[in-house]
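The sequence shown begins at 129 in our numbering and counts up by one. The beta carbon of each residue, even a glycine, is placed where N, CA and C say it ideally should be. Since this is a predicted model, take the numbers as computed values, not measurements.
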Amino acid sequence: MSLLSVVVPCFNEEETVQLFYDAVTPVLEKLPQEYELIFVNDGSRDHTLALLQELYQSHQDTIRVIDFSRNFGKESALLAGLRAAQGDYVIVMDADLQDPPQLIPKMFETMEAHDDDVVGTRRVTREGEPKIRSFFARQFYRLINRWTEVEIVDGARDFRLMKRPVVDAILSLQEYGRFSKGLFAWVGFRCEYLEYENVKRAAGETKWSFWKLFRYAIDGIVEFTSAPAVLAARAGIPLTAVMLVVLIVELILALCGRAVTFEALLLSVILFLAGLILSAIGILGEYLSKTYNETKKRPSYIIRKFYH
Ligand code: UDP
Ligand code: MG
129 MSLLSVVVPC FNEEETVQLF YDAVTPVLEK LPQEYELIFV NDGSRDHTLA LLQELYQSHQ
189 DTIRVIDFSR NFGKESALLA GLRAAQGDYV IVMDADLQDP PQLIPKMFET MEAHDDDVVG
249 TRRVTREGEP KIRSFFARQF YRLINRWTEV EIVDGARDFR LMKRPVVDAI LSLQEYGRFS
309 KGLFAWVGFR CEYLEYENVK RAAGETKWSF WKLFRYAIDG IVEFTSAPAV LAARAGIPLT
369 AVMLVVLIVE LILALCGRAV TFEALLLSVI LFLAGLILSA IGILGEYLSK TYNETKKRPS
429 YIIRKFYH
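Right, here's the structure in full:
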């Protein structure tokens with residue numbers, strides 16, 4: 129009989145862990161596959177671990193818990209969960225029931241019907257989300273799709289069903305900075321998306337502040353393309369050339385005793401170039417810091433204890 133592993137990252141999810149378990153297990157029980165639930169406690173500061181331990185005590189045959197030594201972030205939690213997963217099929221889903229468990233049987237059906245390797249999900253609405261957040265999210269998808277070789281579907285969730293070869297492919301990618309949405313897209317395979325309307329969190333609060341999300345978007349772009357660096361050079365070089373011509377012309381005019389606004393122009397040119405240089409340095413810094421992180425070869429996470 130085949131095995132399905134369900135990987136669930138949890139960070140301060142004391143309010144949702146039990147709700148999640150109660151909602152998801154009836155669905156899993158009905159599947160023809162056997163299942164294991166792998167919870168990754170990502171350094172929660174509330175009672176999440178205690179609740180997970182309780183679940184583990186009462187369902188040792190189906191539950192496994194990976195306890196991190198601190199909060200390493202969702203990406204690291206996903207990685208640890210995928211590494212621990214033994215299933216022929218693996219599902220990744222959030223603990224807050226924003227990924228509807230009722231979709232799971234449909235995911236399997238779609239996978240079988242179309243011989244897919246991956247069935248992903250995407251939200252077609254962003255209802256209940258701050259407008260500004262939706263706006264930036266949309267811009268993020270536009271940018272990343274224009275600049276990178278990978279295609280990331282707008283509204284794609286991490287909630288997905290994968291066959292073993294896909295999981296192995298993702299695990300074979302060695303990089304430290306793991307932008308899952310990008311990695312999932314990068315490995316390719318036959319993939320299909322199920323669409324659904326946005327669901328609100330069952331309880332608790334989102335773990336992503338606007339700035340954390342912003343940082344995440346920058347990381348995603350930098351990890352998947354060097355386009356921003358090229359862009360800076362592309363804009364910077366012609367601009368410098370044009371400005372040089374402008375300056376020479378101004379100089380000639382000045383020598384002829386004209387060009388009264390020279391200082392003003394010079395000042396704006398200097399300021400503009402200074403801004404350009406600063407942004408170019410900033411972009412270089414991004415790449416440098418990524419390279420630095422990769423060369424350190426640090427593990428993505430430290431496990432305090434593995435209950436299995
Ligand atoms: N999460 C995590 N580590 C973190 C932040 C989040 O493991 O540092 C988990 C969280 O417990 C949840 C999932 O990632 O299961 C998605 O988080 P959340 O629901 O807060 O994100 P949103 O749905 O608001 O994008
Ligand atoms: Mg959520």
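Residue from the options whose Cα sits closest to the Cα of residue i
i    : options                   : result
Y217 : D245, P228 and R192       : D245
F236 : C319, Q226 and R254       : C319
P313 : L406, I298, F264 and W275 : Note on identity: in this sequence residue 313 is Ala, with Pro being the wrong assignment. Taking only the C-alpha atoms, the option nearest A313 is I298.
Q267 : I280, G256 and Q188       : I280
V327 : M221, T253 and I405       : T253
Y149 : T368, G403 and Q181       : Q181
Q161 : I219, E142 and N140       : I219
H187 : F200, G201, N199 and Y163 : Y163
Residue i vs residue j beta-carbon contact at 8 Å
i    : j    : result
S262 : R432 : no
I194 : A212 : yes
A223 : T144 : yes
V155 : Q230 : yes
E414 : S308 : no
V136 : L165 : yes
V152 : A208 : no
L322 : T238 : yes
Pairwise C-alpha distance: residue j and residue i
i    : j    : result
R192 : Y184 : 7 Å
L210 : A408 : 37 Å
K332 : L395 : First, the amino acid is wrong: residue 332 is Gly here, not Lys. Approximately 52 Å between the Cα atoms of the pair.
V247 : P293 : 14 Å
R173 : L271 : 35 Å
C384 : I365 : 29 Å
K425 : R285 : 28 Å
V283 : E391 : Note that residue 283 is Gly in the sequence shown here, rather than Val. Those two C-alpha atoms are separated by around 50 Å.
G171 : M371 : 53 Å
Where the beta strand (DSSP E) through residue i begins and ends
i    : result
A284 : A284 to K291
E203 : Segment K202 to A212 is the alpha helix (DSSP H) holding E203; no beta strand (DSSP E) there.
F196 : I191 to F196
T249 : V246 to R251
E164 : E162 to N169
Buried versus exposed, by CB contacts within 10 Å (16 or more), residue i
i    : result
E303 : exposed
Endpoints, the alpha helix (DSSP H) within which residue i is located
i    : result
L271 : K259 to W275
S133 : Unbroken run through S133 is the beta strand (DSSP E), L131 to C138; no alpha helix (DSSP H).
G310 : S308 to W314
Y79  : Past the edges of the chain, shown from 129 to 436, lies residue 79, and the structure says nothing about it.
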